[in-house]
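To start, the structure under review is shown below, and the notes come after it.
In my numbering, the protein residues as written are 7 to 316.
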């Protein structure tokens with residue numbers, strides 16, 4: 007393409023940016039395809055910053071589509087840039103050339119009509135219907151979507167044990183089932199912060215894992231949004247694996263009879279609390295366990311000292 011940077015010198019031409027509705031575009035396309043049969047031509051009327059566009063109809067030919075529009079300044083809508091109107095022409099040799107007709111300073115926006123609103127409603131209805139059809143299929147008897155019937159074979163029964171005394175079933179304790187159900191429901195009623203710290207007391211959690219574990223007992227949207235603030239208050243973040251561990255000062259707030267704990271969890275908590283809350287006792291037990299080793303080492307070295315002294 008060759009671009010002609012100079013103006014064409016047609017001072018009587020005003021270049022406008024026109025934004026049409028689909029109804030207006032369809033009316034223009036219909037007029038273009040039948041303009042040789044229509045005695046009238048389209049017209050535009052300006053009334054200050056408003057106006058009318060009339061496009062003749064094909065049937066009946068003596069009527070016209072009327073569209074209201076309003077005029078606005080392009081610089082107000084887009085103060086960072088400007089637009090040029092470019093016209094493409096072809097020479098007798100077939101070469102293409104682009105000519106600049108002028109700066110676009112104003113924009114005409116055609117207002118929507120009742121047809122436009124009706125078309126939008128129909129399109130939304132059609133989109134909802136298509137979405138519903140994709141999610142639900144009605145399978146009619148004898149239709150193409152009827153699947154094949156699958157014959158299910160029953161698994162062979164296991165050979166009964168010759169010695170009936172060997173069959174011992176472990177009795178189920180109904181108290182455990184009641185305790186689990188009651189614990190889950192009572193945990194969901196506890197403060198969200200208490201639930202977080204009692205989970206972090208047993209192990210380190212990543213934030214998605216912790217949220218999934220909390221959701222098992224039930225979490226409302228308000229508590230879910232406050233998880234980040236609670237973690238900043240009561241937990242330390244490990245930058246290597248992005249896991250959270252409970253801060254030391256929070257261990258004093260833990261409840262040994264927390265309803266969400268199983269017996270194994272309670273034993274684990276006792277071990278953690280004895281290590282966190284009584285560091286002197288754990289250090290003493292460690293030193294006591296190491297003292298026999300030291301005494302044995304001293305006993306083994308004493309004969310060597312006597313030999314050296316002799």
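No residue lacks a Cβ here, since even glycine has one placed at the ideal position from N, Cα and C.
DSSP has residue i in a bridge; who is on the other side?
| i | result |
| --- | --- |
| residue 76 | 56 and 115 |
| residue 108 | 91 |
| residue 62 | 70 |
| residue 241 | 252 |
| residue 211 | 250 |
| residue 25 | 115 |
Is residue i near the ligand GDP, going by C-beta to nearest heavy atom under 7 Å?
| i | result |
| --- | --- |
| residue 246 | Ligands are entirely absent from the displayed structure, and the ligand GDP is therefore not among its contents. |
Taking the C-alpha atoms as reference points, what is the distance between residue i and residue j?
| i | j | result |
| --- | --- | --- |
| residue 95 | residue 74 | 31 Å |
| residue 118 | residue 25 | 11 Å |
| residue 32 | residue 227 | 48 Å |
| residue 63 | residue 128 | 23 Å |
| residue 116 | residue 43 | 26 Å |
| residue 255 | residue 201 | 16 Å |
| residue 214 | residue 237 | 12 Å |
| residue 280 | residue 274 | 10 Å |
| residue 219 | residue 120 | 53 Å |
| residue 45 | residue 70 | 12 Å |
| residue 23 | residue 35 | 18 Å |
| residue 295 | residue 284 | Residue confidence for residue 295 is low, a pLDDT of 48 falling below 50, so the modelled location carries little weight; the figure read from the coordinates is stated next. Roughly 17 Å between the two C-alpha positions. |
| residue 187 | residue 221 | Summary for residue 187: the model assigns pLDDT 48, below 50, so the residue's position carries little reliability; its value from the coordinates is reported in the next sentence. Each residue's Cα considered, the two are about 15 Å apart. |
| residue 19 | residue 37 | 23 Å |
| residue 216 | residue 140 | 35 Å |
| residue 230 | residue 56 | 52 Å |
| residue 105 | residue 138 | 50 Å |
| residue 282 | residue 272 | 15 Å |
By Cβ distance, which residues of its chain are closer than 6 Å to residue i, with the 5 residues on each side in sequence left out?
| i | result |
| --- | --- |
| residue 78 | 113 |
| residue 21 | 91, 107, 108 and 110 |
Does the beta-carbon of residue i have 16 or more other beta-carbons within 10 angstroms, so that it is buried, or is it exposed?
| i | result |
| --- | --- |
| residue 245 | exposed |
| residue 133 | exposed |
| residue 266 | buried |
| residue 123 | exposed |
| residue 76 | exposed |
Can you tell me which of the options puts its alpha carbon nearest to the alpha carbon of residue i?
| i | options | result |
| --- | --- | --- |
| residue 58 | 32, 97 and 50 | 50 |
| residue 249 | 47, 129, 209 and 125 | 209 |
| residue 125 | 243, 67 and 30 | 30 |
| residue 233 | 198, 137, 260 and 56 | 198 |
| residue 40 | 56, 61 and 278 | 61 |
| residue 48 | 72, 65, 27 and 131 | 72 |
Taking 8 Å as the limit between beta carbons, can you name the residues of its chain near residue i, skipping five residues before and five after?
| i | result |
| --- | --- |
| residue 276 | 262 |
| residue 182 | Summary for residue 182: the model assigns pLDDT 49, below 50, so the residue's position carries little reliability, and this model does not support an answer. |
| residue 67 | 43, 44, 45 and 46 |
| residue 260 | 203, 204, 207, 275 and 279 |
| residue 212 | 247, 248, 249 and 250 |
| residue 52 | 77 |
Can you find the residues in the same chain that come closer than 7 Å, C-beta to C-beta, to residue i, ignoring five residues on each side of it along the sequence?
| i | result |
| --- | --- |
| residue 252 | 203, 206, 207, 240 and 241 |
| residue 243 | 250 |
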